[in-house]
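Student:
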Ligand SMILES: Cc1ncc(C[n+]2csc(CCOP(=O)(O)OP(=O)(O)O)c2C)c(N)n1
Ligand SMILES: [Mg+2]
């Protein structure tokens, strides 16, 4: 009967609406016509027209990150989909639940050489996205669409979240499907928990005199930063974070130890190196190269190691663990807090940490944070940025030296306000991502800290923010090219290798103005401060602040990364680098 059926594409959108999806980020193309028509007819989910499919995918990833739920992007068959590959891979590498919908020619012309055919007879999008998603599939028929969409959403959100890809042959999308298939509820994924392992973990932590927590990005993914704060305070255990986990614990909290690893803080590293810690609880961190300074830190050497992760495959990957807890971070931390509050806990020993804290500055080069120099010292730029940003504003950090300046010098005051795409570490991710992230946080300000070369990759998405009336602020660290590479070359080979500097500076402020945004170039602290004040006064119009910085100011801890690279390449200069990092 007519009334019991709706077009398949409406069924798909209805399921997304039930997930609370408000936006689809994308770029159009012929085979997606039915999708856009249905979005217009339903008038519920809004389309955000990106400039490039890569931008759309990065927007969806940041949207998922801030929303802590499903985000959706779309691209047409062929080049639209291939343009999105990096953004989807980035979402997957950062465990973000992104549903990627791609167009496809009609099944009736498969194998006949249709324009941009991307079935197995063409460039095969399903195969192309398989390695970068948890699930990549083509709808086999219209009637299977509702169930497949539900399954894909479940896969994206359950266990360790990630990206999923659904390819939509154009001939199926207007075919009728049963309303019943749409309305049957999506099965909630259960949160499994290894209770006996958690008990053992509690006993170790309760008996430890100088325990510490290392919190990673998994805490943010689980929406567990509040649970972490409660646990830390109930137990008195100090907290360090991984670089990607920065933001899951306020850096104004007396229990904060710093970031461990790339761009990180001396206090965290020294405390670990000192051997004082007798039990380390690692939550939601894979202990990868970024976190461990290329696996050089003495993790599990002198203390008990408890590793808690929703993904059992990362537990024990690099270190022998005393207790492995495969669990959702939020559930586990809530239970650990309950146990702490009612169990027997030995007295903690605070002296070793207190002494270390007193003798260790927060920043590696403290004086530069107040430098009056022009061009700007990046450290001073970070000081001004923190002063100008409201405490609850969100900072999205791109790749390049921005990672290091952001991780080391930006002080997170409120939980979950700092975001960095280190899974794939793709340039341009935050340049575009801030637009999607900003849309997930109405009423709060969103800022992107990006390099000039990264801005050159996705800067046209400023136009998308103009259209969305989002008063986003992009702070572009302008060092006339690929600063991280330039500094790396000099550290590793003693000279620039000719692949990092632009012949002519990119005028990001001029680009912004041409796209309808505000654009201002600054090179001194006074100019920067004024530009920031004016940018935050705006309520509708985005601003790009092109900040001319001192390109030779060495980003802290970069030398360690260079040393690792030198090791990969068996370069002799690695000994010189060691003297630079004092190791
Ligand atoms: C898409 C992509 N291409 C190349 C790289 C390798 N890479 C890492 S940092 C960097 C330089 C980034 O330059 P910029 O964005 O200007 O930031 P800066 O280091 O100058 O602050 C490059 C080329 C990357 N991470 N991502
Ligand atoms: Mg640069």
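Numbering (my numbering), first residue to last: 831 to 1413.
The beta carbon of each residue, even a glycine, is placed where N, CA and C say it ideally should be.
1) Going by the CB atoms, is the gap between residue 882 and residue 1285 shorter than 8 Å?
2) Taking 7 Å as the cut-off, does the CB of residue 1307 come closer than this to any heavy atom belonging to ligand 2?
3) Roughly how many whole angstroms lie between the Cα atoms of residue 1260 and residue 1267?
4) At a cut-off of 7 Å, is residue 1282 close to ligand 1 when judged by its beta-carbon and the heavy atoms of the ligand?
5) Threshold first: 3 residues or longer. Then list the beta strand (DSSP E) segments lying entirely within the region 1090 to 1172, N to C.
6) If you reduce the DSSP assignment to three classes, tell me which class residue 1412 lands in.
7) Could you tell me if the beta carbon of residue 1433 falls within a distance shorter than 7 Å of some heavy atom in ligand 1?
8) Between residue 845 and residue 976, what straight-line distance do the alpha-carbon atoms span, to the nearest angstrom?
9) When you compare only the Cα positions, how much space is there between residue 1057 and residue 1231?
10) Between which two residues does the beta strand (DSSP E) harbouring residue 876 extend?
11) Could you tell me which residues DSSP puts in a beta bridge with residue 1069?
12) How would you call residue 838, buried or exposed, if buried means at least 16 neighbouring beta carbons within 10 angstroms?
13) Is residue 1311 near ligand 2 - that is, is its Cβ less than 7 Å away from at least one heavy atom of it?
14) What are the start and end residues of the alpha helix (DSSP H) that includes residue 887?
15) May I have the straight-line CA-CA distance separating residue 1313 from residue 1332, to the nearest angstrom?
16) Under DSSP, the beta strand (DSSP E) around residue 962 begins and ends at which residues?
17) According to DSSP, is residue 850 helix, strand or coil?
18) Near residue 1256, which residues of its chain fall below 7 Å by C-beta distance, leaving aside the five closest residues on each side in sequence?
19) Leaving out five residues before and five after residue 1315 in sequence, what residues of the same chain have Cβ atoms less than 6 Å from its Cβ?
20) Taking just the CA atoms, how far does residue 1180 sit from residue 931?
21) How is the alpha helix (DSSP H) around residue 1293 delimited, first residue to last?
22) Thinking just about the alpha-carbon of each residue, which of 1106, 1123, 1241, 1306 is nearest to the one in residue 1395?
23) Cβ atoms of residue 1236 and residue 1279: under 8 Å apart, would you say?
24) Can you give the Cα-Cα distance for residue 1413 and residue 1053, rounded to whole angstroms?
25) Take residue 1305 as the anchor and find which of 1281, 933, 1311 has the nearest alpha-carbon.
26) Let's test the definition: count the other Cβ atoms within 10 Å of the Cβ of residue 1172 and tell me whether it reaches 16, buried, or not, exposed.
Tutor: Per the coordinate set shown:
1) no
2) yes
3) 9 Å
4) yes
5) 1109 to 1113, 1134 to 1139, 1153 to 1156
6) For residue 1412, the predicted model reports a pLDDT of 43, less than 50, meaning its position is unreliable; a value from the coordinates is still stated below. Residue 1412: coil per DSSP, three-state reduction.
7) Shown here, the chain extends from 831 to 1413; a query on residue 1433 therefore has no answer.
8) 8 Å
9) 32 Å
10) 876 to 879 is the span of the beta strand (DSSP E), which, as asked, contains residue 876.
11) 1043, 1086
12) When all chains shown are included, residue 838 counts as buried.
13) At least one heavy atom of ligand 2 is nearer than 7 Å to the Cβ of residue 1311, so yes.
14) 883 to 897
15) 10 Å
16) Looking at the DSSP string, residue 962 is not in any beta strand (DSSP E), and its letter there is neither H nor E.
17) coil
18) 916, 920, 1229
19) 1330
20) 53 Å
21) Counting along the chain, the alpha helix (DSSP H) containing residue 1293 begins and ends at 1291 to 1298.
22) 1123
23) yes
24) Caution applies to residue 1413, whose pLDDT of 36 falls short of 50 and renders its modelled position unreliable; the model cannot decide the point.
25) 1281
26) exposed
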